[in-house]
Structures are given as C-alpha cells and as structure tokens.
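Student:
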Amino acid sequence: MSFPLLRLPDLALEEIIEKFNPKEILFLVQTSKRARRLISRHKNSHRVNILIYDGICDSFVGIICNNQELFRIGIDTKERGSNSFWRLQTLLPVCYEVNGWVSICTKKDTGFLEIPDFLNEIFRIEEVSFEIEETLNHLAARIIENCVSKNLRIASINLPFKDIDERLLTASKGASRLNVGGIDYSSILFHHYKLFRMDSLQIVCCSWMNVEEILTLRNCKRVDLGCLQLKATHINKILREYIENPGELQEFRMFCINDIRLEEMSPIAYNRGNKYLECSIGSIVPAFKAILDYLNEMFRIKEVSFDIGEYSYSSEHIVEYCTSKNLKIGSVKWRDIWGNEEIIRRVLMALKGATRLNFIGNQSSTIRFDHFHLFQMDDLEIEYASWITVENIVALRNCKRVRLGKVSFKGSSINKILRELMENPGELQELRMTCKDVIIVKRAVKDLNIVRLIKGNATRYRKYWFTGQNGIGFSATKENMKTVVITRET
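According to the UniProt record's numbering, the sequence shown is numbered sequentially starting from 1.
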C-alpha cells in the first residue's frame, strides 16, 4: 500500500511525522517495507521509553510516552493464527487486538529479543525499564544483555524473584535503579560491585554479601540491603570506611538477621524519649573519653573547647586525655580548679597548647608553676594570680594578650617586667595586671628610656612610651588605681 504522504521530501515528511504519536507511527510503518525504511530515517524525532514486562499471566513490551503507557506489544507462545500479514522483523507475525498488538512466537525469549530491536529501528529509545516477576535467571540476563549490547540506557530493573546469579548482576550493572529479591543461599560470588553507579539499589535478601562487598557500593547514591549476616563490629567497620571515603553514597539502609545493639557498635545511643544522644557508660571520665573517641572516629576533630563549671573534680583527666590524643585545644573556660597544687600544675601543663584560656585560678599563694614559657596563647586570663611571680610573667612573653588579677606586685616589680619585655618582647601585644595594692606608675617607669609622655588629667592617667634596644616600642599607663596596662606599639 502506498500513501501520498510517503512521497513527500524527507524534510517535509519529518515535520509531519513529528506530530504523530508512537501508536500512529507503528501502524504506518507496518503498511510497507518502504514506509518502515523512510520513517526509520527520522527515528531521532520519535523519543520513547519502553517497559519490558514478564509476569505470571502476561508478557509484553510497553511503549511509554509522557510517563504513560501508550501501547503494548504482547507476547503469545500459544499456537494460533495471525489475522494479518504484519511482521515485526522477519520472524514474528503480529495480530491486532483492542489494546495493542500481539506477537506470535514459539519461545518467549525470541519475542523479548525481537520486539526491542524492532522498536529501536523505528524510534529513538531513551530508556528501557524491566519488570520481570517470574522467569529463569538466564532468560532475564539474556534480555537485559541484548539491550545493553544495543547501547540502550537502562533505567530501572525490578526482579522480585530470588533466582539471580552473577550473570544477571553483571548485566544489570549499568541500571539507574535496581531492585532484586536476592537469594537464600550464600554461594554466589560477584566481585564487580565497584562498577555499580546506581541512583537506587535494593536487594531484599543478600545474606551472601560481606563487608568488603558492601564497601564497594559507595558509588551508588541510595542502597537498601536486607537479610545481612552482620554484627555490630562489621557495621562499625563499614561506618569507618564510608566516613573516610563516602564516594557518591547519600543513604544506606541495612536489615540484619542478627540483633544489632547500637551501644556495641559505639558508646552513643539515641534516647527516643528525650530525643537526644546519650552515652551508655556510667562514670564521668570514661564516658567523656568514649564520646571523644567515638566522635574522633566518625569525624576529623579540628579543635576541642572546654566550658567547665564549678565543683568539677575530674576535668583534668579529660583535658590530659585530649592532649594525649594530639587534639588541638581551642578555648577553655574554667571557673575554678579544685584540688591540690599538683592537680593545678597538671591542669596548666595539659592546657599549655590552648588558644584561649580563661579561669578563675586559685587563691593559694604557695603554688609554683615553672612552664609558662611553653604557653603560646592568643588570650590568657587568670582572675586570681597572686601566686604568679615576676619570672612567670616574663615567661608569658609568647602569649599575645595576658590579663592577670590580684597579683602581688609593687612598682619595682613592674619596672623589672618592663625592662625584660623591652629587651625581649616575644609575641606579647598587651599585658594587663590588676594588683592588690595601689600602683604608682612613676616608680614603675623609673630609669627607663622614656621617649614620650602624656600627662594625666581628670579623665585619664599619665601614659609613658618607651623604646627597647631592638627598637620595639611599649606604652604603660593605669586603667584605674590598681590596674596597669602595658601595650606593644606597632
């Protein structure tokens, strides 16, 4: 049969064919070999998705357009005559029924191989989806492999049956979404999960998978695995590896045959009632250590800060533990230090690497700490510093800003501090000291190289400028009757 339409020039024919829906095109190409040949030239104008479905009661290839099934080509292996001379290729005769065509073939796999080839000749198939309920695994693999060999993009594969093998998994590796029932035994060997790049992977029963195989699924975005034979230690290893190298993974769900206790996997558990995480370890120090270890395993801890309230009797152990783990200490706010002088010395030694330290200190005047030269803080504040000596303050020259309260100094002591700092200021930018007694600045600056002076008045105290041997300048003034501020000039 010849249509005037088919005698149009190619460009005009393409413009008209673009207006046809896939069902109309299918009927048109079946009118003659010439019609098929002419229309197949313009296959890029006809984009469709197809669904290959093999169920218990029905088997067909559906044409999907605009997310709706438009037409079906069913597969019938029963012996019956065809009511037409139409053939898909050279093998399969078809007959027309109300909702679509039915291809007559002796074997189901012949139909599933022939129909996609026929549709691929006529249309530009963008995606192929599979819904295979009951079949032998070699048949499903052969159908999928045929589409892969044609370079057709595999969208989704749904294989709810449990009879799968290595060949079927290999054929499915390029799918965007894969859902398989899995198998009940553990003898399957498949070593190519690293090739999976799926948006969604679900295996209902995968008791045969081990930790190493699960880790290679990191290039899939969402993974859902069931009936795994894993323990808490295995899941802990999986978490560690994924945190170190997550790949493309966004969500991972695992259903294990064994009971999994989260506290066996980590010391942290979720309190559903209060909706927060809590540590299952009873005593304070081991609990803090366990939490720090857990967080350090899960994340890369850049910095640890402390806010320690009054009546904390064991915080020195926690600080020392962080130091032993080489964790950087950020800011420390310590309202008081309870314990003997040895504990105070331990705390100060453990905090020597902190960036900022603020604590009330201790009112005892008997404590001695001879390691302030190790402090390199941006900010150091000690409210009760009556036990600090002139030598201690000079040793703090590697801190940038120092604020000390209740120091037991007179003008002569401050004079000595100024002389030492002008000779070697280190990194010090500001030293602020509040003394127990009233300070007379004139005595504090006696015999120093004063290069400038601003006299005091009703609103401010006198301010002195000095120049050290290395040319670095300092100023000294009083903020109030008992507070002296020494500032490095820049």
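Glycine residues also receive a C-beta, built at the ideal position from the N, C-alpha and C atoms.
1. Determine the closest residue to Ile122 out of Leu292, Arg462, Arg37, with distance taken between C-alpha atoms.
2. From this set, Ser408, Ile367, Glu297, Ile450, which residue's C-alpha is nearest Lys436's C-alpha?
3. I think Glu381 touches Arg403, with their Cβ atoms under 8 angstroms apart; what is that distance to the nearest whole Å?
4. CB Gly411 to CB Ile439, shorter than 8 angstroms?
5. With a CB to CB cut of under 6 angstroms and the five nearest residues on each side skipped, what residues in its chain are close to Tyr461?
6. State the Cα-Cα distance for the pair Thr90 and Glu213, rounded to the nearest angstrom.
7. Determine the extent of the beta strand (DSSP E) in which Ala476 is found, giving its start and end residues.
8. By DSSP's criteria, Lys463 is part of a beta bridge. Which residues make up the other side?
9. Thinking just about the alpha-carbon of each residue, which of Ile301, Leu51, Ser176, Asp370 is nearest to the one in Glu341?
10. Going straight from the alpha carbon of Ile486 to that of Phe306, what length do you get?
11. Relative to the C-alpha of Ala140, which residue among Gly62, Thr216, Tyr53, Arg124 is closest?
12. From Gly55, Ser475, Gly226, pick the residue whose C-alpha is nearest to that of Asn258; which is it?
13. Have a look at Met422 and His373 and give me their C-alpha separation to the nearest angstrom.
14. Do you know how far the Cα of Ile238 is from the Cα of Lys352?
15. Nearest by alpha-carbon distance to Met254: which of Arg397, Phe299, Gln202, Leu292 is it?
16. Among the candidates Ile154, Thr355, Trp465, Ile360, whose CA atom is the shortest distance from the CA of Ile344?
17. Secondary structure at Thr483, three-state DSSP: helix, strand or coil?
18. Can you grab the Cα-Cα spacing for the pair Lys400 / Pro286, in whole Å?
19. CA-CA distance, Val204 and Pro160?
20. Compute the distance between the beta-carbons of Lys328 and Lys289, then report whether it is under 8 angstroms.
21. Could you give the distance in angstroms between the alpha-carbon of Ala354 and the alpha-carbon of Glu320?
22. My output table needs one value for Thr434: the three-state DSSP class, helix, strand or coil.
23. Which residues in the same chain as Phe85 place their Cβ atom closer than 7 angstroms to its Cβ, once the five residues preceding and following it in sequence are excluded?
24. Report, in whole angstroms, the separation of the C-beta atoms of Asn219 and Arg197, which I expect to be a contact under 8 angstroms.
25. Alpha carbon to alpha carbon, how far is Ser40 from Asp76?
26. Can you have a look at Gly405 and say buried or exposed, based on whether 16 or more other CB atoms are within 10 angstroms of its CB?
27. By the three-class DSSP mapping on this structure, what secondary structure does Lys406 have?
28. Does the ligand MG have even one heavy atom less than 7 angstroms from the beta-carbon of Arg368?
29. Starting from the Cα of Ile388, find the closest Cα among Arg346, Leu230, Arg368, Asn179 and give me that residue.
30. So which of Gln429, Ile393, Lys446 has the shortest CA-CA distance to Asn415?
31. Is it right to say Gly471 is buried, meaning 16 or more other beta carbons lie within 10 angstroms of its own, or is it exposed?
32. Helix or strand or just coil, what does DSSP make of Val445?
33. If I measure Cβ to Cβ from His234 and keep anything under 8 angstroms in the same chain, skipping five residues before and after, which residues do I get?
34. Grab the span of the alpha helix (DSSP H) containing Phe60 for me, first residue to last.
35. Suppose you measure from the CA of Ala395 to the CA of Arg419; what does that come to, to the nearest Å?
36. Quick one: what does DSSP say Asp293 is sitting in, helix, strand or coil?
Tutor: With the structure as the only source:
1. Numbered from 1 along the sequence shown, position 122 holds the residue referred to as residue 122. Comparing Cα positions, the closest option is Arg37.
2. Position 436 of the sequence shown, counted from the first residue, corresponds to residue 436. Per the Cα distances, Ser408.
3. The residue given as residue 381 occupies position 381 in the sequence shown. The residue given as residue 403 occupies position 403 in the sequence shown. The Cβ separation is near 4 angstroms, so the contact holds.
4. Taking the first residue of the sequence shown as 1, we reach residue 411 at position 411. Taking the first residue of the sequence shown as 1, we reach residue 439 at position 439. Yes, the pair counts as a contact, with Cβ atoms nearer than the cut-off.
5. Start at 1 with the first residue of the sequence shown, and residue 461 comes out as number 461. Only Thr477, Lys478 meet the Cβ criterion.
6. Here residue 90 refers to the residue found at position 90 when the sequence shown is read from its first residue. Here residue 213 refers to the residue found at position 213 when the sequence shown is read from its first residue. Model confidence at Thr90 stands at a pLDDT of 46, short of 50, so the residue's coordinates are unreliable; what they give is reported in the following sentence. Between Thr90 and Glu213, the C-alpha separation is close to 45 angstroms.
7. Counting from 1 along the sequence shown, the entry for residue 476 is found at position 476. Taken as a continuous stretch (DSSP letters only), the beta strand (DSSP E) holding Ala476 covers 473-478.
8. As a working note, residue 463 is residue 463 in the sequence shown. In the DSSP secondary-structure assignment, Lys463 is bridged to Ile454, Thr477.
9. On the sequence shown, residue 341 is found 341 positions in, with the first residue counted as 1. Nearest C-alpha to Glu341: Asp370.
10. Indexing the sequence shown from 1 puts residue 486 at position 486. Indexing the sequence shown from 1 puts residue 306 at position 306. Going from the Cα of Ile486 to the Cα of Phe306 covers about 29 angstroms.
11. For the purposes of this step, residue 140 is identified with residue 140 of the sequence shown, where counting begins at 1. Ranking the options by Cα distance to Ala140, first place goes to Tyr53.
12. The residue labelled residue 258 in the question sits at position 258 within the sequence shown. Ranking Gly55, Ser475, Gly226 by Cα distance to Asn258 puts Gly226 first.
13. Indexing the sequence shown from 1 puts residue 422 at position 422. Indexing the sequence shown from 1 puts residue 373 at position 373. The straight-line gap from Cα to Cα measures roughly 17 angstroms.
14. Reading the sequence shown from its first residue, position 352 is the one you call residue 352. Reading the sequence shown from its first residue, position 238 is the one you call residue 238. Distance between the alpha carbons of Lys352 and Ile238: 37 angstroms.
15. For the purposes of this step, residue 254 is taken as the residue at position 254 of the sequence shown. Scanning Arg397, Phe299, Gln202, Leu292 for the CA closest to the CA of Met254 turns up Gln202.
16. Taking the sequence shown and counting its residues from 1, one reaches residue 344 at position 344. Nearest option by C-alpha distance: Ile360.
17. By one-based count along the sequence shown, residue 483 stands at place 483. Secondary structure at Thr483: strand, using DSSP grouped into helix, strand and coil.
18. For the purposes of this step, residue 400 is identified with residue 400 of the sequence shown, where counting begins at 1. For the purposes of this step, residue 286 is identified with residue 286 of the sequence shown, where counting begins at 1. Their backbone Cα atoms lie some 35 angstroms apart in a straight line.
19. Here residue 204 refers to the residue found at position 204 of the sequence shown. Here residue 160 refers to the residue found at position 160 of the sequence shown. Approximately 8 angstroms between the Cα atoms of the pair.
20. Here residue 328 refers to the residue found at position 328 of the sequence shown. Here residue 289 refers to the residue found at position 289 of the sequence shown. Cβ atoms of Lys328 and Lys289: not closer than 8 angstroms.
21. One-based indexing of the sequence shown puts residue 354 at position 354. One-based indexing of the sequence shown puts residue 320 at position 320. C-alpha separation (whole angstroms): 12 angstroms.
22. Taking the first residue of the sequence shown as position 1, residue 434 is located at position 434. Strand at Thr434.
23. Along the sequence shown, read from residue 1 onward, the residue named residue 85 stands at position 85. Note on Phe85: pLDDT 44, under 50, position unreliable in the model; the coordinate value appears next. Same-chain partners within the cutoff: there are none.
24. Locating residue 219 in the sequence shown gives position 219, where the first residue counts as 1. Locating residue 197 in the sequence shown gives position 197, where the first residue counts as 1. Between Arg197 and Asn219 the Cβ distance is about 5 angstroms, and since that is below 8 angstroms, they are a contact.
25. Numbered from its first residue, the sequence shown carries residue 40 at position 40. Numbered from its first residue, the sequence shown carries residue 76 at position 76. Rounded to whole angstroms, Ser40 to Asp76 spans 26 angstroms at the Cα level.
26. Start at 1 with the first residue of the sequence shown, and residue 405 comes out as number 405. By the neighbour-count rule (16 or more Cβ atoms within 10 Å), Gly405 is buried.
27. Position 406 of the sequence shown, counting from 1, holds the residue named residue 406. The DSSP-derived three-state label of Lys406 is strand.
28. As presented, the structure is devoid of all ligands, the ligand MG included, so that no description of it is given.
29. Residue numbering aside, residue 388 sits at position 388 when the sequence shown is read from its first letter. In this structure, Arg368 is the residue among Arg346, Leu230, Arg368, Asn179 with its C-alpha nearest to the C-alpha of Ile388.
30. As a first step, residue 415 must be located in the sequence shown, where it is residue number 415. Nearest neighbour of Asn415 by Cα position, chosen from Gln429, Ile393, Lys446, turns out to be Lys446.
31. Stepping through the sequence shown from its first residue, residue 471 is reached at position 471. Classification for Gly471: exposed.
32. Numbered from 1 along the sequence shown, position 445 holds the residue referred to as residue 445. If DSSP states are grouped into helix, strand and coil, Val445 belongs with coil.
33. Position 234 of the sequence shown, counting from 1, holds the residue named residue 234. Val211, listed in sequence order.
34. Locating residue 60 in the sequence shown gives position 60, where the first residue counts as 1. That residue, Phe60, is in no alpha helix (DSSP H); its beta strand (DSSP E) goes 59-65.
35. In the sequence shown, residue 395 corresponds to position 395, counting from 1. In the sequence shown, residue 419 corresponds to position 419, counting from 1. Ala395 and Arg419: Cα-Cα distance of roughly 13 angstroms.
36. Indexing the sequence shown from 1 puts residue 293 at position 293. Asp293: helix per DSSP, three-state reduction.
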